[in-house]
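These notes concern the structure reproduced below.
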Amino acid sequence: MSPPTPIKAVIFDIGDVLFNWSPYTKTPISARTFHQILASPTWHAFECGHLTQDACYAQIGLDFSLAAEEVAEACAQARGSLQRDETLVAFIKELKGVEGVHVYAMSNMAKEDFDALAQMMDWALFERVFTSAAAGMRKPDMRFYEYVLQEMGCRGEDVLFVDDKVENVRAAEELGMRAFVWNTDETVQCLRELVDGPVARGWAYLRRNRGKLMSFTDSGITVPEHFAQLLILEATEDRDLVNIPPNSKGTWNFFAGEPTLIPGGYFPDDLDATAIALTVLSETPPSLVSATLDKMAQYANADGTFLTYFDRAKPRLDPVVTANVLAAFYRSGRGAQHPRSLKHIRAVVQQCAYLSGTRYYGSADVCLHFFTRLLQAAPNDHHL
2 MSPPTPIKAV
12 IFDIGDVLFN
22 WSPYTKTPIS
32 ARTFHQILAS
42 PTWHAFECGH
52 LTQDACYAQI
62 GLDFSLAAEE
72 VAEACAQARG
82 SLQRDETLVA
92 FIKELKGVEG
102 VHVYAMSNMA
112 KEDFDALAQM
122 MDWALFERVF
132 TSAAAGMRKP
142 DMRFYEYVLQ
152 EMGCRGEDVL
162 FVDDKVENVR
172 AAEELGMRAF
182 VWNTDETVQC
192 LRELVDGPVA
202 RGWAYLRRNR
212 GKLMSFTDSG
222 ITVPEHFAQL
232 LILEATEDRD
242 LVNIPPNSKG
252 TWNFFAGEPT
262 LIPGGYFPDD
272 LDATAIALTV
282 LSETPPSLVS
292 ATLDKMAQYA
302 NADGTFLTYF
312 DRAKPRLDPV
322 VTANVLAAFY
332 RSGRGAQHPR
342 SLKHIRAVVQ
352 QCAYLSGTRY
362 YGSADVCLHF
372 FTRLLQAAPN
382 DHHL
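Numbering of the sequence shown is given in my numbering, commencing with residue 2 and proceeding in unit increments.
Dropping the structure here:
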């Protein structure tokens, strides 16, 4: 499953979200009939700019056996009842201060109604307001949503959508948006968490520091290396965040460039970083993946453990390294070639031999993360 992407845009409906109003008027038109009028094909055509206001009122009068003047008066009184939701306005202003987030409005609204609202609302609150009258389409028409996404330059996955009508929310969800039926307090809390909660702030940090996400020691020395870059790419699926150079030789070194803080300066390529690269970098040619796995197989011990380095003079062992190497084999459909390795990892997990960490992985939670990666490498393989 892909990780959730950072939110780039929030779309709000206007009627019954940003503005509240009353269908109760001092006319013969009941609240129930007024709602029926707003749900009628004639009103929908008016909202899309296909009818003038006078033509709409006249046709509504015919459709509902009402006088056009009564329809006009009821609409005027309904407009007069509009009240802005100041809590939401304050929240939208708060959203506008969140780095990387843009705020839009999208509403089924006739031009005349939009112009009337301009006296009560500073539309500069939004980066842009999309109305059915201007677009010639209305929610839940999928074309309207697709048009708005194109104009914003966003994918559905980048967007939060808020509307009071379930059918409009469902249409947004079909295009990948994270959508909510409006409920003042509950919805604001959910939006705040998604836009400016811990996960959102984490994404903001990553975006601010794209290309500079380097490891460093507890004494502040920067350590340019591939391993963390590969893990960041795996977790975010965002290549722009990391610096990972092309590699045509197949094997990888932990360090990017000259080894840091290594006596003598010698540090061989290692099976651990190589295994992570083979499972993360989808652009690696299959022939190179196969050849690299063949080479890694030469560093398997009789008991199923794998050496950490492509250097038999450095016989370092770690069960998490073995799990990572095994994951690379399973990802390529070759996991069954190393049953002893799987038996070894299974024993480590069953006996909790990782609780105090391992040689290179210092805590149990980190070990469990990489054991889980092994399971994810071939989720349908019955051996795992």
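For glycine and all other residues, C-beta sits at the position ideal for the given N, C-alpha and C.
In the DSSP annotation of this structure, S23 is not part of any beta strand (DSSP E), being labelled neither H nor E. Taking every protein chain shown into account, the CB of M178 has 16 or more other CB atoms within 10 angstroms, so this residue is buried. Straight through space, the alpha carbons of F65 and Q37 are spaced by roughly 9 Å. The Cβ atoms of V163 and I30 lie no closer than 8 Å to each other.
Following the DSSP letters along the chain, one finds D164 inside the beta strand (DSSP E) bounded by residues V160 to D164.
DSSP places V11 in the uninterrupted beta strand (DSSP E) bounded by A10 to F13.
Contact between K166 and A134 does not hold, since the beta-carbon distance rounds to 18 Å and is not under 8 Å. For A106, DSSP records a beta bridge to F13 and V130.
The region 20-30 makes contact with the region 65-74, as at least three CB pairs between them are under 8 Å. For V167, the enclosing alpha helix (DSSP H) stretches over residues V167 to E175.
DSSP, read as helix, strand or coil, puts T280 in helix. Between G50 and G154, the C-beta spacing is not below 8 Å. The beta carbon of A337 is closer than 7 Å to those of H384 in its chain, skipping five residues each way along the sequence. In this structure, the alpha-carbon of L67 lies about 40 Å from that of V189.
Short of 6 Å from the beta carbon of L83, and not among the five residues preceding or following it, lie these beta carbons of its own chain, in chain order: F20 and W22. Boundaries of the beta strand (DSSP E) harbouring V182: R179 to V182, taken from the DSSP string. Contact between the region 266-281 and the region 309-322 is present: three or more C-beta pairs spanning the two stretches fall below 8 Å.
Around the beta carbon of E48, a 10 Å sphere encloses 16 or more other beta carbons of the protein chains shown; the residue is thus reported as buried.
Taking a contact to require three or more Cβ pairs closer than 8 Å, the region 204-220 and the region 112-128 do not qualify as touching. The distance from the Cβ of V243 to that of L234 is about 5 Å, consistent with a contact at the 8 Å cut-off. By the Cβ-count criterion, T306 is buried, with 16 or more other Cβ atoms from all chains shown falling within 10 Å of its own Cβ. In the structure shown, the three-state DSSP call for R144 is helix. Between D14 and M107, the CB-CB gap stays under 8 Å.
DSSP places D295 in the uninterrupted alpha helix (DSSP H) bounded by P287 to A298.
The three-state secondary structure of A379, taken from DSSP, is coil. DSSP links Q84 through a beta bridge to N21.
Under the DSSP definition of a beta bridge, Y310 partners with D271. When beta bridges are read from the DSSP output, S249 appears opposite no residue. Counting every other CB atom within 10 Å of its CB across the protein chains shown gives N169 a total of 16 or more, marking it as buried.
CA-CA distance, T280 to A91, rounds to 46 Å. Taking 8 Å as the cut-off, the Cβ atoms of R360 and L318 count as close. Annotated three-state conformation of F115 is helix, per DSSP. The alpha-carbon of L356 is positioned some 16 Å away from that of H345. In the displayed model, L385 falls within coil according to three-state DSSP, outside both helix and strand.
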